[in-house]
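Colleague:
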Amino acid sequence: MEKMRLFRGKDAQSIRLASCSLLTALFRARINTKETPPPEGAPVPRGRKGYLVQFMENLEEGIKYPVEDVKLEAVKALSELTRNYYPKPSEALQNRLIRKFMKLLPEEQNVAARRGYILTIASHSKEMYVNGLHNEVIDVLVGQITNIEENKDDRDPESRRDAVTALTTLTLTLGIDE
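Start counting the sequence shown at -5; every next residue gets the next number (this note's numbering).
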């Protein structure tokens, strides 16, 4: 879709929402997305990305989208991707889908992107939050909830709302240990 430039122009919003919805359904159904291996002896093109990586890149763009429906569907699709295709996530995946966005949050001036990052860092499977990563995410979310900018023009109550939603989602995902 990116090559065909479908995410540009007046229909971009509809196409992006539809593509995120399609990916959510594909990931939920656990459709096999592996590429067909090249014929025996044929060279593999250098730098060619697998479908899951391409889908992940498109969804990472979707979480920054200013339209709420698109952002929420992109977050949902990323959640389904990690839950259904990465039962034992690597540290690289944790870095890409959680730590990267936590690092970008304090500097991000685009409120739509900030809201997407907040929702994304708490939307994955329980297995993504190992080795104390859940504590880091909780600290970031609590910081987003309690941080009220001095300048009234810089305040974004929707980011705080999304941080509360994300904290609730994370708590439900992790469960409560007694």
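Virtual Cβ for every residue (Gly too), placed ideally from N, Cα, C. It should be emphasised that the depicted structure is a prediction, and the values quoted were computed from it without experimental measurement.
The alpha helix (DSSP H) spanning Leu91 covers which residue range?
Modeller: Here Leu91 belongs to no alpha helix (DSSP H), and DSSP marks it neither H nor E.
Colleague: Using the rule of at least 16 other Cβ atoms within 10 Å of the residue's Cβ for burial, across every protein chain shown, is Tyr59 buried or exposed?
Modeller: buried
Colleague: Can you tell me which of the three DSSP states Asn145 falls into?
Modeller: coil
Colleague: Threshold first: 4 residues or longer. Then list the alpha helix (DSSP H) segments lying entirely within the region 99 to 144, N to C.
Modeller: Counting whole runs of 4 or more residues, the region 99 to 144 contains the alpha helix (DSSP H) stretches 105 to 115 and 127 to 140.
Colleague: Is the region 112 to 127 touching the region 153 to 164, taking contact as three or more C-beta pairs under 8 Å?
Modeller: yes
Colleague: Going by beta carbon distance, what residues of the same chain come within less than 7 Å of Met122, once the five residues before and after it are set aside?
Modeller: Thr76, Pro83, Gln88 and Ile92
Colleague: Suppose you measure from the CA of Ile25 to the CA of Glu144; what does that come to, to the nearest Å?
Modeller: 48 Å
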